[in-house]
Amino acid sequence: MSKNLRITNNNFIDQTSRISFKFDGKTLYGFKGDTLASALLANNIHLVGRSFKYHRPRGIMTCGSEEPNAILQIGNDSSMTEPNTRATEIELYEGLEASSQNCWPSVNFDIGAINNFFSPLIPAAFYYKTFMWPANFWKLYEYFIRKSAGLGRSPTEPDKDIYDHRYLHCDVLIVGGGISGIMAAKTAAKNNLNTVLIDDKNILGGTTLFQQNECFKINNSYSNEWLKKEIETLNSFNNLTIKTRTTLAAYHSYNYLLARENLTDHLDLKDKKDKIRQRLWKIRAKKVIIATGAMERPLIFDNNDRPGIFLSSSIKKYIDFYGVKCGQKISLFTNNDSAYETAISLNNRGVSVNSVVDIRDKTNSLIVKQVEKLGIKIHWKSSVINTNGYKKINCIEIMKLSDDGTAAVGKKINEECDCLGISGGWTPRVHLFTQSGGKLKFRDEDNVFLPDKSELSQISIGSCNGDFELDEVVKNSVNLTNKFLNVNNNDYENLEIIASKEIDKKNIWLLPSDKPLGKTKPFLDFQNDSTANDIKLALREGFKSIEHVKRYTTTGMATDQGKLSNMHALGIIAETAGVKMGELGTTTFRPPYTPLTFGAIVGRNVGEFFDITRKTPIHDWHVKNKAEFENVGQWKRAWYYPRSNENMHEAVQRESKAARDSAGILDASTLGKIDIQGTDASEFLNRVYTNAWSKLEIGKCRYGLMLNEDGMVYDDGVTTRLSENHYLMTTTTGGAANVLSKMEDYLQTEWPELDVYLTSVTDHYATVSICGPNSKKILSKVIPNLDLSDKKFPHMSFKNALIDNIKCRVMRISFTGEHSYEINIQSSYGKSTWEKCIDAGKEFNITPYGTETMHLLRAEKGFIIAGQDTDGTMTPVDLQMDWIISKKKYDFIGKRSLYRSDTIREDRKQLVGLLTDDPKEILEEGAQIVSETNKQPIEMLGHVTSSYFSPNLNKSIALAVLKNGKKLKGQKMIVPMKDKKINVTVTDTIFLDKENKRLNA
Amino acid sequence: MFLINCPYCGERDQSEFSAGGEAHIERPKQPTELSDDQWAEFLFMRKNIKGIQYERWNHTHGCRKWFNMVRDTSNDKIHAVYKMGEKPPVK
Ligand SMILES: [Zn+2]
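Residue numbers (this note's numbering), protein chains in the order written: chain P, 718 to 1718; chain U, -9 to 81.
Right under this line is the structure:
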């Protein structure tokens, strides 16, 4: 463990600032600039987790977002811990605690590893096939599967971190700060475009940043030195915004993009507090330039998953950028030139390279010759056919390839090593392009999918567009950018570029072995633990579509969406099925590119900010008087006002009785109020309500029922004629916004000739409703000079009045069946008016009541609540409200539908009353109604819509919808419950004061 | 997320708008004279095209105006936006 794996003289790691962190409980040290992965490797820790299915030891494999193995739990605080984070993307900070997941009891001794020895028994879709039968055993299996195979732990308490959202608008957004992105950003900025450049790393430069190699030079400088100077020039532009540590998560249509910026994740634990952790940028860009680069591919051969096996380019980054040796005796295995860059970097840093195993016959590019010159052994036309070492690789087995590449031939050579770099070529990162709806094309020569057609204003440049050679990257990026932005930046003309060019290409998706296929483990999807054999099995079992094979084998279904595995899966399917890869198509990449935290997604919209809360002007009084509240839409409405130890039932019984015996007061401010004005206002109401409005006198109120065009009841409320061309409509609390927008729709699109203006005034007026036999006496105290005689101010009429010089409108209308008034007054006077009424009503025991009592009182009178007693399938006829349908009017919304063949059926469900045989028995709302329980199947005839115990009638009452209900009055029905059958009698819907005597009492 | 060019307000984010179904279905002037089938045709039958579709939109969280849109449902490209009562652009 005391090996020195860190080299000195490195530009990117600050070796003067040591950082301590913990991994699996052990304190370790790294430096500022490290990722968690590079720090672990510097401590010679490779084994970081166990694989998902077989629990095989797995080590760090990459240095970026495609990492499939080093998926760790960060932190152990019950509210802040974060599962499934990639060690390769976590910047090291003082106080970081990380632990392995998916291993129990520990990463070094894992009980689930026994699966590995039984692995012939765990083929593709093993979980589907075995644990699905018998179905009721799943509960049992699930417990054990989750315990041993779970991916990390979720926090159990609310997240304490702060997250933020912001909008960003720009002319050009450039995604990716590698060499192409930097040149594009400079070009855009120089031409006065409002430009934004984002990159997910902490510094710009991409892989060119540490490319110091004789084979890659620009204007006689190493490419990294040239690029460094270019990056410095970016600082001079005020119109260029650079955001590092910012990952583009999603690319939607119309160039709408989401990017997550990490603000505190890299800070020391003590410095993170009270700062915004992550910000989600909602970006609208006129133009988008994607410069996201390419990912190296692995190679697929037996036991290619052991700790110590890396992508070859990652070994290069660890040594060149982080100054960390991934091993002391490193072997490389490749099908292309890029492993040779790694060999040179390692050699330059004094790390010995055993050999390069290359599947190609022989090639003579500049960089290969350079490696040969260094005396590094190259095994041409050879393959690694197996690896050894349980918790860490210690040996590779090499054999020659047959001419057709399908078999391993000749003598087997064993080569000792402690690290193996593999390179299977490069895959352009086209994820964002396809997310945006772009279509891909396939390039046969090096087996890559490339951006083809897009509807959006965007281009891809650099290696994500399939340019892999330095000279081509520069030349093509510059040309494409100039053309796309319609500018002419000649900064990059006549650059002198030296670049080693790859001459020979060869690819074998599944490399051969000296063993039969069934005896090998060539891993494809490292995170989900599926092998090439699983794909072949799926094909043998008849799966053909890539989407089906993916789901059946779970290849590409892990949190990395198959970044490393998709191409090989496609290649093996194409090869086995004998089709061309380009014709097979590719799978769909979906946002987010890398996982987003829930915190970043919801931003500030948590807790009380999750949804808008609407409160009436009288709300504070209700709070002070200990009301319980209920949510009605976004409104907080007083539900009931319990006194001392009353429960809800007791409070509602008391409130209901008081309202009928003397006086009750209700805050009705939440009812929707729509001001309707214009010379055609009466005609408009004729068309939207079922009844007639033209003859309503000024100063009078009328109840109206509104239907949908399909004839079903939509909303109801009382509308008052304030003057010739001026009405005030009220709607249900929940329906207000919908009613307004429905009426606007008809006005604007069907009847534009009508002179009518609609204005929502719900929030402008507070509404205080006083009811009961003493309501008149109370109102006369509040407004002494208003004549309240039945003659001057009858039921269903309105008066303008003054309360202490404040104008108000008083309506004499009733939703309880009692003599009652509604005072509408400017919101700001709502609370004082309420308090005046309470004061004036004291001598009459005025009792505030909430929505529950309101519902009970109206049910006693058989008044419906649209949305409770109706559900979008009830016509006014079904509600036994035929009286409200005007026979004279030629048309109104929904009229024609009232005599469709279905709506005129006699046996539709109709609104009825129900009385229980036992008057103490209260029905459950929603309970089903049947006529008999012996004959099977039992026909459900209807259900209970409203049910209460009426203190005024001293019995249980209910409203219900019942098939053919009108004709069943007086009949016995049964309401079957879980443990009993309740006998009921069908009745009229009006239980109290059928003659409406109380309205004028 | 679309960028919609409201004919009254200009370009705004889709979150300000709501879709209102197929456009150019006029409410019959004399519903009472229609047969059940004719009325049902107006009431229930809507096209669901993959390709160019004429649809109604409302700038709900803006000017509250209804307008029409020509949209290709296969790629969400908006080809035209025009006011209620205006003739649709020729196909
Ligand atoms: Zn608008």
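Just so you know, even glycine gets a beta-carbon here, dropped at the ideal spot from N, CA and C.
Computed from a predicted structure; not experimentally measured.
- With 16 or more neighbouring CB atoms inside 10 Å of its own CB, P:S1230 falls in the buried class.
- By the neighbour-count definition (other C-beta atoms within 10 Å, threshold 16), U:A13 is a buried residue.
- Among the residues facing chain P, U:M59 is not included, as its CB has no counterpart in that chain under 7 Å away.
- Taking 6 Å as the cut-off, one finds no heavy atom of ligand 1 near enough to the beta carbon of P:H1660.
- Secondary structure within the stretch 1361 to 1402 of chain P: the beta strand (DSSP E) runs of 3 or more consecutive residues, fully enclosed, are 1381 to 1384, 1389 to 1394 (chain order).
- The DSSP-derived three-state label of P:I1555 is helix.
- Between ligand 1 and P:Y1616, a heavy atom-to-CB distance of less than 6 Å is absent.
- Taking the C-beta atoms as reference points, P:R1014 is found nearer than 7 Å to P:G1142.
- Flagged as an interface residue toward chain U: P:R1617, by a C-beta distance shorter than 7 Å.
- Residues of chain U whose Cβ lies closer than 9 Å to the Cβ of P:Y973 are, in chain order, M(-9), F(-8), L(-7), D3, Q4.
- Your pair P:T1448 and P:D1432 checks out as a contact, with CB atoms roughly 5 Å apart and the cut at 8 Å.
- For the pair P:G1138 and P:A815, the Cα-to-Cα distance works out to about 26 Å.
- Between P:L1658 and P:V1701, the CB-CB gap reaches or exceeds 7 Å.
- Selection P:I879, P:S1497, P:K1004, P:S1458 evaluated against P:N911 yields P:K1004 as nearest (Cα-Cα).
- If you check the CB distance, P:Y1035 and P:G1316 do not come in under 7 Å.
- Residue environment: P:S1174 is assigned as exposed (fewer than 16 neighbouring CB atoms within 10 Å of its CB, all protein chains considered).
- For P:H1096, the enclosing beta strand (DSSP E) stretches over residues 1094 to 1096.
- Beta-bridge pairing by DSSP links P:T1633 to P:V1701.
- Within 8 Å of the CB of P:R1001, the CB atoms of chain U belong to L(-7), D3, in sequence order along the chain.
- In terms of Cβ geometry, P:T1650 and P:L1615 do not form a close pair [threshold 7 Å].
- Closer than 7 Å at the C-beta level to chain U, one finds no residue of the stretch 1640 to 1657 of chain P.
- The beta carbon of P:H886 does not come within 7 Å of any beta carbon belonging to chain U, so the residue lies off that interface.
- By the rule that beta-carbons nearer than 7 Å mark a contact, U:M74 touches chain P.
- Neighbourhood of ligand 1, defined by CB distance below 5 Å to any of its heavy atoms: U:C(-4), U:Y(-2), U:C(-1), U:H49, U:G52, U:C53, in chain order.
- A residue is called buried when at least 16 other Cβ atoms come within 10 angstroms of its Cβ; P:M1298 meets this threshold and is buried.
- As computed with DSSP, P:Y1209 is found in no beta bridge at all.
- Between P:W1226 and P:Q1045, the alpha-carbon positions lie close to 29 Å from each other.
- When DSSP assignments are scanned along the stretch 1004 to 1071 of chain P, the uninterrupted stretches of alpha helix (DSSP H) that are 4 or more residues long and fall wholly within it turn out to be 1029 to 1037, 1055 to 1065.
- Neighbours of U:R17 in chain P, taken as residues at a C-beta separation under 7 Å, are given in chain order as E1467.
- Annotation for P:G1584: T1449, G1451, G1452 place their beta carbon closer than 8 Å to its own, counting only its chain and skipping 5 residues before and after.
- At least 7 Å separates the beta-carbon of P:T779 from that of P:T752.
- For P:G766, the enclosing beta strand (DSSP E) has its first and last residue at 764 to 767.
- Our two residues, P:M1365 and P:I736, have alpha carbons roughly 59 Å apart in a direct line.
- Contacts with chain P at 7 Å (Cβ-Cβ) include U:K67.
- At least one CB of chain P lies nearer than 7 Å to the CB of U:W29.
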